[in-house]
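Novice: Take 22 as the starting number for the sequence shown in the numbering used here and just add one per residue. Even for Gly, the Cβ is constructed at its ideal location relative to N, Cα and C. Handing you a structure now.
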Amino acid sequence: ARQYDSKILIEQAVLGYEVGCAVLGNSSELIVGEVDQIRLRHGIFRIHQEAEPE
């Protein structure tokens with residue numbers, strides 16, 4: 022991380038599950054995506070773990 026910035030944030034791990042859901046729109050009309058669960062390998066989420074990263 023130090024090769025990109027001099028400030029590094031380290032947080033305590035939280036046990037549990039991580040879920041995601043996209044919401045697009047304003048208060049009168051919302052489009053909601055599917056809820057998904059992010060399964061971690063070795064306790065750290067990395068973008069290259071995704072089957073089809075954007």
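What distance in whole Å lies between the Cβ atoms of Ile59 and Gly37, which are believed to be in contact at a cut-off of 8 angstroms?
Specialist: Against the sequence shown, residue 37 aligns to sequence position 16. Against the sequence shown, residue 59 aligns to sequence position 38. That belief does not hold up - the Cβ atoms of Gly37 and Ile59 are roughly 11 angstroms apart, past 8 angstroms.
Novice: Would you give the residue range spanned by the beta strand (DSSP E) that Asp57 belongs to?
Specialist: Here the question's residue 57 lines up with position 36 in the sequence shown. Asp57 to Ile59 is the extent of the beta strand (DSSP E) around Asp57.
Novice: Based on the DSSP secondary-structure assignment, which residues constitute the bridge partners of Asn46?
Specialist: Here residue 46 refers to the residue found at position 25 of the sequence shown. The identity of residue 46 in the sequence shown is Gly, whereas the question assumes Asn. Per DSSP, Leu51.
Novice: Within its chain, find whatever has a CB closer than 7 angstroms to the CB of Val44; leave out the 5 residues flanking it on each side and keep chain order.
Specialist: Reading the sequence shown from its first residue, position 23 is the one you call residue 44. Hits under 7 angstroms: Leu51 and Val53.
Novice: At the level of alpha carbons, what is the spacing between Gly26 and Ala34?
Specialist: Here residue 26 corresponds to residue number 5 of the sequence shown, with the count starting at 1. Here residue 34 corresponds to residue number 13 of the sequence shown, with the count starting at 1. According to the sequence displayed, residue 26 carries Asp and not Gly. If I take the Cα positions, the gap works out to 22 angstroms.
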